[in-house]
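A.B. asks:
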Amino acid sequence: MKRILWSIGLVLMCLQALAQVSITNGDGTVLTTRYCHQDTDFLLSGSPAEGSFSGCGMVQRNGQWYFNPVAATQGVTVFPYQCQLTYTAANNQSVTKLLLIQKPVVISPPLQDFGLCVDTFLLHAEMLYAGAYDFQWTPAAFLERPDTSVSKGRITGTTEFVLTATDRVSGCKGTDSVVVTKYPVPDVTLNTQYALIKSRESVPLQAGGAVHYEWFPVAGLDHPGIAAPLASPQEPTTYTVVGYNDYNCRDSARVFIDINEALALPNAFTPNGDGVNDFFAVKNMGYQGVHGFRIYNRWGQLVFETLDAIRGWDGMFKGQPAAQGTYFYEIKLALREGQVKTFKGDLLLLR
Numbered sequence: 600m601k602r603i604l605w606s607i608g609l610v611l612m613c614l615q616a617l618a619q620v621s622i623t624n625g626d627g628t629v630l631t632t633r634y635c636h637q638d639t640d641f642l643l644s645g646s647p648a649e650g651s652f653s654g655c656g657m658v659q660r661n662g663q664w665y666f667n668p669v670a671a672t673q674g675v676t677v678f679p680y681q682c683q684l685t686y687t688a689a690n691n692q693s694v695t696k697l698l699l700i701q702k703p704v705v706i707s708p709p710l711q712d713f714g715l716c717v718d719t720f721l722l723h724a725e726m727l728y729a730g731a732y733d734f735q736w737t738p739a740a741f742l743e744r745p746d747t748s749v750s751k752g753r754i755t756g757t758t759e760f761v762l763t764a765t766d767r768v769s770g771c772k773g774t775d776s777v778v779v780t781k782y783p784v785p786d787v788t789l790n791t792q793y794a795l796i797k798s799r800e801s802v803p804l805q806a807g808g809a810v811h812y813e814w815f816p817v818a819g820l821d822h823p824g825i826a827a828p829l830a831s832p833q834e835p836t837t838y839t840v841v842g843y844n845d846y847n848c849r850d851s852a853r854v855f856i857d858i859n860e861a862l863a864l865p866n867a868f869t870p871n872g873d874g875v876n877d878f879f880a881v882k883n884m885g886y887q888g889v890h891g892f893r894i895y896n897r898w899g900q901l902v903f904e905t906l907d908a909i910r911g912w913d914g915m916f917k918g919q920p921a922a923q924g925t926y927f928y929e930i931k932l933a934l935r936e937g938q939v940k941t942f943k944g945d946l947l948l949l950r
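Written out as structure tokens, the structure reads:
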């Protein structure tokens, strides 16, 4: 039988020749074998020197080897993911090291910048992977619950919010940011807040301070989508104008248009056929119906009666021109509210 003898010195020499693998930050300190997916490159060093690395996530730059957790997990969907690295020394001896890469802490969908017209808003974030997370929004002063994934907030100007999500198990972190822009709000103005008109009359309205306008209600307006419509309401109406700027922010203003329901009648008329003041009639009253339109002479004799208050009396009595003098009217009208009101007075017929 052939016998082989080994010396202690030879054993030490062989052990020293074994490759030693370590992952450091460049200062020679050994890092943990658990890494976060979003971690940056880690500088690799092997002993003895002049060897080479192989395996997942290997990046070589300027003659140095780096481990990149993102590159190591390209196409990987199941985490934690075990990555194998091998260092082969110049003497062809090699050592393998296993690294565990934790699941990515990804805020998905990504936060999107947005703008608003009011000073209150809602921040909301979701995670790509299920798990237990801690959240922190900054700046926290503008938020009701800055330590949750969903929080209401209030701002006075444009602000950038940064969300940091921390995996409670691995300690890995992920961040995203969103810019919340506070848009200016228009200051809508009106040429008047109150107008008094006669029935069937019109009043011009004029709004300003915005780019686009909408008026409500539309009844009685010639163009409810412009800044300056003509209003001809048939009853007392409060009109609201809503103005929008280029950011679609809005403001509103109101105007009340009242209608003078006093019965406007001439105190004299001249039924001579010249086309001027030939009839005694109701012209400006906003009413729903006529219950009576009667004319009496000074002796109380009924000389005219009709239910057409707009047409009125033409100064005729029994087919002949009525005598010049003083007459008396009694007019009963149904107003817009359904109330029947009686109007009495005198008038002078001139020839």
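Residue numbering for the sequence shown follows the working numbering, starting at 600 and increasing by one per position. Virtual Cβ for every residue (Gly too), placed ideally from N, Cα, C.
(1) In the DSSP assignment, the alpha helix (DSSP H) including Val669 goes from what residue to what residue?
(2) Let's see if you can read the secondary structure: which residues bound the beta strand (DSSP E) around His636?
(3) Rounded to a whole number of angstroms, what is the C-alpha to C-alpha distance between Thr687 and Val749?
(4) Since Cys682 is in the beta strand (DSSP E), which residue starts that stretch and which ends it?
(5) By how many angstroms is the C-alpha of Lys797 removed from the C-alpha of Gln805?
(6) Quick one: which unbroken alpha helix (DSSP H) runs of 4-plus residues sit fully inside the segment 813-861? Chain order, please.
(7) Return helix, strand or coil for Ala867, following the three-state DSSP convention.
(8) As a quick exercise: from Asn667, His890, Phe942, pick the residue whose alpha carbon is nearest that of Met657.
(9) Helix, strand or coil for Ala1002 per DSSP?
(10) Taking only the alpha-carbon atoms, compute the straight-line gap between Asp786 and Tyr838 and give it to the nearest angstrom.
(11) Check whether the Cβ atoms of Asp845 and Val810 sit closer than 8 Å, and answer yes or no.
(12) Are the CB atoms of Pro832 and Gly842 within a distance shorter than 8 Å?
(13) Any contact of the segment 823-832 with the segment 901-914, i.e. 3+ C-beta pairs under 8 Å?
(14) Going by beta carbon distance, what residues of the same chain come within less than 6 Å of Thr869, once the five residues before and after it are set aside?
(15) Between the alpha carbons of Asn871 and Arg849, how many angstroms are there, rounded?
(16) Check the DSSP bridge columns for Phe641 and list the partner residues they point to.
(17) Quick one, are the C-beta atoms of Val761 and Phe720 less than 8 Å apart?
(18) Where Gln711 and Asn690 are concerned, what is the direct C-alpha to C-alpha distance, given to the nearest angstrom?
(19) So Tyr634 and Leu698 are in contact, right, with Cβ under 8 Å, and what is the actual spacing, rounded?
(20) Restricting to Cα atoms, I'd like to know which of Arg853, Gly888, Thr925 is closest to Trp898.
(21) Whole angstroms are fine: how far does the CA of Phe903 sit from the CA of Gln919?
(22) For Ser693, which residues of its own chain have a beta-carbon under 7 Å away from its beta-carbon, when the five flanking residues on both sides are left out?
(23) Can you have a look at Phe855 and say buried or exposed, based on whether 16 or more other CB atoms are within 10 angstroms of its CB?
(24) In this structure, does DSSP put Arg660 in helix, strand or coil?
(25) Where Gln681 and Ile700 are concerned, what is the direct C-alpha to C-alpha distance, given to the nearest angstrom?
(26) Reducing DSSP to helix, strand and coil, say where Gln711 ends up.
C.D. replies: Considering the structure as presented:
(1) Reading the sequence shown from its first residue, position 70 is the one you call residue 669. 668-671 is the extent of the alpha helix (DSSP H) around Val669.
(2) If you number the sequence shown from 1, residue 636 lands on position 37. Run containing His636: none; DSSP gives neither H nor E here.
(3) Taking the sequence shown and counting its residues from 1, one reaches residue 687 at position 88. Taking the sequence shown and counting its residues from 1, one reaches residue 749 at position 150. When rounded, the distance between both Cα atoms is 50 Å.
(4) As a working mapping, residue 682 is identified with position 83 in the sequence shown. Taken as a continuous stretch (DSSP letters only), the beta strand (DSSP E) holding Cys682 covers 680-687.
(5) Locating residue 805 in the sequence shown gives position 206, where the first residue counts as 1. Locating residue 797 in the sequence shown gives position 198, where the first residue counts as 1. When rounded, the distance between both Cα atoms is 19 Å.
(6) none
(7) Working through the sequence shown from its first residue, we reach residue 867 at position 268. Of the three classes helix, strand and coil, the one that applies to Ala867 here is strand, per DSSP.
(8) Counting from one through the sequence shown, the residue named residue 657 turns up at place 58. Nearest option by C-alpha distance: Asn667.
(9) A question about residue 1002 goes unanswered here, because the residues of the chain that appear run from 600 up to 950.
(10) Your numbering for residue 786 matches position 187 in the sequence shown. Your numbering for residue 838 matches position 239 in the sequence shown. Asp786 and Tyr838: Cα-Cα distance of roughly 17 Å.
(11) The sequence position of residue 845 within the sequence shown is 246, counting from 1. The sequence position of residue 810 within the sequence shown is 211, counting from 1. In contact: Asp845 and Val810 (Cβ atoms closer than 8 Å).
(12) Here residue 842 refers to the residue found at position 243 when the sequence shown is read from its first residue. Here residue 832 refers to the residue found at position 233 when the sequence shown is read from its first residue. Not a contact, by the Cβ cut-off of 8 Å.
(13) no
(14) One-based indexing of the sequence shown puts residue 869 at position 270. Result list for Thr869: Asn876, Leu949, in chain order.
(15) Working through the sequence shown from its first residue, we reach residue 871 at position 272. Working through the sequence shown from its first residue, we reach residue 849 at position 250. Rounded to whole angstroms, Asn871 to Arg849 spans 58 Å at the Cα level.
(16) As a position in the sequence shown, residue 641 is number 42, starting the count at 1. DSSP, once it has assigned bridges, lists Phe666 as partnering Phe641.
(17) The residue given as residue 761 occupies position 162 in the sequence shown. The residue given as residue 720 occupies position 121 in the sequence shown. Going by C-beta atoms, Val761 is not nearer than 8 Å to Phe720.
(18) The count along the sequence shown starts at 1 and reaches residue 711 at position 112. The count along the sequence shown starts at 1 and reaches residue 690 at position 91. If I take the Cα positions, the gap works out to 54 Å.
(19) Here residue 634 refers to the residue found at position 35 of the sequence shown. Here residue 698 refers to the residue found at position 99 of the sequence shown. Going by Cβ atoms, the distance from Tyr634 to Leu698 rounds to 6 Å, so yes, they are a contact pair.
(20) The residue you call residue 898 lines up with position 299 of the sequence shown. Nearest of Arg853, Gly888, Thr925 to Trp898, Cα basis: Thr925.
(21) If you number the sequence shown from 1, residue 919 lands on position 320. If you number the sequence shown from 1, residue 903 lands on position 304. For Gln919 and Phe903, the distance between alpha carbons rounds to 12 Å.
(22) Indexing the sequence shown from 1 puts residue 693 at position 94. Within the same chain, Ser693 has close Cβ partners Ala618, Thr685, Tyr686, Thr687.
(23) Here the question's residue 855 lines up with position 256 in the sequence shown. Phe855 should be labelled exposed.
(24) As a working note, residue 660 is residue 61 in the sequence shown. DSSP places Arg660 in strand when its eight states are reduced to three.
(25) The residue labelled residue 681 in the question sits at position 82 within the sequence shown. The residue labelled residue 700 in the question sits at position 101 within the sequence shown. The straight-line gap from Cα to Cα measures roughly 6 Å.
(26) For the purposes of this step, residue 711 is identified with residue 112 of the sequence shown, where counting begins at 1. Three-state DSSP puts Gln711 in coil, outside helix and strand.
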